[in-house]
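All letters in the sequence shown, in the order written, are residues 55 to 487 by our numbering.
Cβ atoms here follow ideal geometry from the backbone N, Cα and C, with glycine treated the same way.
Since the model is a prediction, treat every value here as computed from it, not as a measurement.
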Amino acid sequence: MAYLGDAMNLPPHHHPARDAVVALLGSAPFGRAITITIVASAYLAFVLKVTIDWPGFIAIVAALVVLSAGSLAVRRHELEWRGILPISLLVFVGWSTLSVFWTDYQWASLSSILYQLAFAFLGIYVALTRDLIQIVRAFGDVMRVILLTSLVLEVMSGLLLDVPFIFLKISGNLAAGGPIQGLFGSRNQLGLIALIALVTFFIELRTRSVHPQLATFSLALGAVTLWFTRSPVAFGTTVVVALAALALFALRRLDPASRRVAQFTLLSGLLLVGVIGILARSQVVRILNAGSEFEYRYSLWRSITAVNPENSLEGFGWIGYWRTNLPPYSGIGGVPAINQSALSAFVDVWFQLGLVGLTAFVVFVVLALGRSWVLASNKRSVVYLWPALVLVVLIAVSTAESTALVEFGWFTLVVCALKASQDLSWRTRLPQD
């Protein structure tokens with residue numbers, strides 16, 4: 055009877071298993087662990103797909119979405135939701151979702167839209183639940199491992215075994231000075247990730263969030279990796295990022311009044327350069343066309359613009375990675391078609407979502423960069439440089455690669471945009487109910 059009495063005194067809705075799950079999903083160690091897992095999964099998408107195939111990778115992404123949703127549900131009362139989702143992001147994602155209604159390949163488009171939404175949701179989770187320095191640390195921890203692993207594989211392939219790793223698309227060119235591909239399938243992708251890693255490691259060093267020796271080693275690791283990629287796209291982006299970093303450090307030293315004048319002067323200069331570039335585009339194309347990288351891209355872009363001008367307003371429908379077995383992608387870039395993208399995020403968005411989608415995408419990235427730039431130039435903490443410089447990397451690379459639209463590029467773009475919106479959104483100034 056005593057045992058019966060004790061049982062009757064228990065709370066009526068007490069479920070130990072459920073309480074344990076809730077405690078786990080709301081704990082700080084779980085938040086850090088799942089953040090690192092999300093970042094690693096996004097950046098290792100290529101190697102995961104070639105080792106466990108698409109079904110296995112989709113299962114990983116789905117599991118991360120479910121766990122992240124559970125964590126958000128548990129922590130919903132302690133998070134600041136107002137203004138976190140940029141309206142420009144919602145418009146772009148909303149338009150890509152609506153494209154399923156006019157595309158000729160609805161099922162393929164629907165699966166690609168869900169894939170895009172999954173990585174967007176993971177980016178939202180990371181931006182909502184982690185401070186900016188915690189995000190930088192998570193990216194840094196992942197970058198060190200994947201870059202070091204990439205170099206180890208390149209040493210094995212190019213120096214020790216002298217055999218290309220075909221399934222990873224590692225050519226084994228390290229002994230010849232590159233190019234190397236690492237875990238990412240191409241030198242341009244590895245170069246982009248090495249550049250994001252360098253920005254991350256630099257912020258870690260300046261914020262002293264890791265030991266100085268580890269930060270210095272990480273910077274050397276990123277620089278060596280970037281050099282051996284021999285990627286013209288990555289090298290060109292490096293120049294752009296270096297100029298942006300110098301401009302930001304100069305702006306941070308000015309008083310507020312002088313900073314505003316300098317900001318407008320810098321913006322006017324960029325607009326002037328853009329206008330000159332548009333007016334002299336034929337000469338620019340002629341100069342750039344001397345290299346095989348740009349020549350191939352320019353030929354591909356001309357093929358894309360010639361496919362079907364009638365779809366220029368709404369596009370063919372969101373597809374993300376090109377499905378080369380579906381028209382119009384099957385007839386672009388050779389027979390059989392070999393391209394997985396338009397090799398430009400802006401051209402890809404125009405092709406898939408039309409002028410409406412391109413306008414929404416440009417507004418989204420410009421607002422994200424503008425907000426992050428203002429924060430980086432005005433805030434005292436150096437950590438605010440990270441989203442601004444990473445966005446510069448992604449936007450610059452977007453002129454020659456479509457990485458910012460899928461997987462790790464899209465995920466990183468969402469994270470940076472949300473962290474900027476979190477501090478500067480006009481909706482945060484609205485009165486609370």
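For residue i, collect the residues of the same chain with a Cβ closer than 7 Å to its Cβ; drop the 5 residues on either side in sequence, then sort them by chain order.
i      : result
Gly276 : Leu201, Ala248, Ala251, Leu252 and Phe255
Ala299 : Leu443
Val180 : Thr89, Ile92, Ile189 and Val469
Leu445 : Ala422, Leu423, Ser426 and Cys470
Asp195 : Ile90
Gln160 : Val154
Could you tell me the alpha carbon to alpha carbon distance between residue i and residue j, rounded to whole angstroms?
i      : j      : result
Ala269 : Pro441 : 19 Å
Thr19  : Val451 : With the chain covering 55 to 487 only, the question about residue 19 has no answer from this structure.
Ala77  : Val128 : 8 Å
Met351 : Thr453 : As written in the sequence, residue 351 is Arg, which differs from the Met given in the question. When rounded, the distance between both Cα atoms is 10 Å.
Ala74  : Pro83  : 14 Å
Ala391 : Thr261 : Note on Ala391: pLDDT 49, under 50, position unreliable in the model; the coordinate value appears next. In a straight line, the C-alpha of Ala391 is about 47 Å away from that of Thr261.
Arg307 : Lys433 : 11 Å
Gly231 : Thr105 : 27 Å
Glu134 : Phe462 : 25 Å
Asp309 : Ser431 : 11 Å
Val327 : Leu305 : 20 Å
Ala87  : Phe155 : 38 Å
Lys103 : Ala301 : 39 Å
Val447 : Val294 : 8 Å
Leu168 : Ser312 : 46 Å
Asp216 : Asn242 : 22 Å
Asp185 : Pro381 : 44 Å
Phe38  : Ile234 : Since the first residue of the chain shown is 55 and the last is 487, residue 38 is not available in this structure.
Gly290 : Ile224 : 23 Å
Gln170 : Ile330 : 35 Å
Thr319 : Val403 : 30 Å
Val120 : Gly177 : 14 Å
Leu321 : Trp427 : 11 Å
Ser142 : Val264 : 35 Å
Val389 : Ala274 : In this prediction, Val389 has a pLDDT of 44, which is less than 50 and means its spatial position is unreliable; what the coordinates show is noted afterwards. For Val389 and Ala274, the distance between alpha carbons rounds to 42 Å.
Ala99  : His69  : 38 Å
Leu325 : Phe221 : 44 Å
Ile112 : Ser122 : 15 Å
Val416 : Ser435 : 28 Å
Val420 : Leu429 : 14 Å
Arg130 : Leu333 : 51 Å
Gln317 : Thr151 : 36 Å
Could you round the C-beta distance between residue i and residue j to whole angstroms and report it? I think they count as a contact, below 8 Å.
i      : j      : result
Val93  : Ala172 : That belief does not hold up - the Cβ atoms of Val93 and Ala172 are roughly 15 Å apart, past 8 Å.
Pro286 : Glu347 : 5 Å
Ala414 : Trp149 : 5 Å
Ile257 : Leu423 : Rounded, the Cβ-Cβ distance is 17 Å, inconsistent with contact.
Ala162 : Ile449 : That pair is no contact at about 28 Å.
Ile187 : Val437 : 5 Å
Hey, does residue i have any beta-carbon neighbour from chain D nearer than 9 Å?
i     : result
Arg86 : Among the chains of the structure shown, chain D does not appear; only one protein chain is present.
How about residue i and residue j: do their beta carbons lie closer than 9 Å?
i      : j      : result
Ile90  : Leu472 : no
Phe238 : Val460 : no
Phe400 : Val145 : no
Gly371 : Ser153 : yes
Leu412 : Leu354 : no
Gly245 : Thr183 : no
Pro474 : Arg425 : According to the sequence shown, residue 474 is Ala rather than Pro. A contact, by the Cβ cut-off of 9 Å.
Phe465 : Ala96  : yes
Ala229 : Leu213 : yes
Ala174 : Val468 : yes
Gly226 : Ser204 : no
Trp376 : Asn365 : no
Leu79  : Gly124 : yes
Phe407 : Glu455 : The sequence given here has Leu at residue 407, not Phe. Not a contact, by the Cβ cut-off of 9 Å.
Excluding the five sequence neighbours on either side, which residues of its own chain have a C-beta within less than 6 Å of the C-beta of residue i, listed in chain order?
i      : result
Ser272 : Arg198 and Phe255
Val315 : none
Leu259 : Ala269
Gly236 : Ser204 and Leu244
Gly85  : Thr183
Gln476 : Ile138
Ile114 : Ser95
Please list, in chain order, all residues of the same chain as residue i whose beta carbon is under 8 Å from its beta carbon, the five residues on each side excluded.
i      : result
Gln267 : none
Ala71  : none
Thr292 : Leu249 and Leu280
Val147 : Gln170, Leu171 and Ala174
Val278 : Leu205
Ser240 : Lys223
Exercise. If you scan the region 94 to 130 from start to end, which runs of the alpha helix (DSSP H) of 4 or more residues do you find wholly inside it?
Worked result: Complete alpha helix (DSSP H) runs here, min 4: 99 to 128.
For this session: Jot down the residue ranges of each uninterrupted alpha helix (DSSP H) in the region 136 to 196, minimum 4 residues, whole runs only, in chain order.
Result: Counting only unbroken stretches of 4 or more residues, the alpha helix (DSSP H) elements lying wholly within the region 136 to 196 are 141 to 152 and 160 to 183, in sequence order.
For this session: Please go through the region 382 to 463 and give each complete alpha helix (DSSP H) segment of 4 or more residues, from N-terminal end onward.
Result: Those alpha helix (DSSP H) runs which fall completely within the region 382 to 463 and span 4+ residues are 399 to 432 and 439 to 451.
For this session: Please specify which runs of the alpha helix (DSSP H), each continuous and at least 4 residues long, are wholly inside the region 260 to 318, giving them in chain order.
Result: The region 260 to 318 is shown to contain whole alpha helix (DSSP H) runs of 4 or more residues at 266 to 283 and 286 to 306, in chain order.
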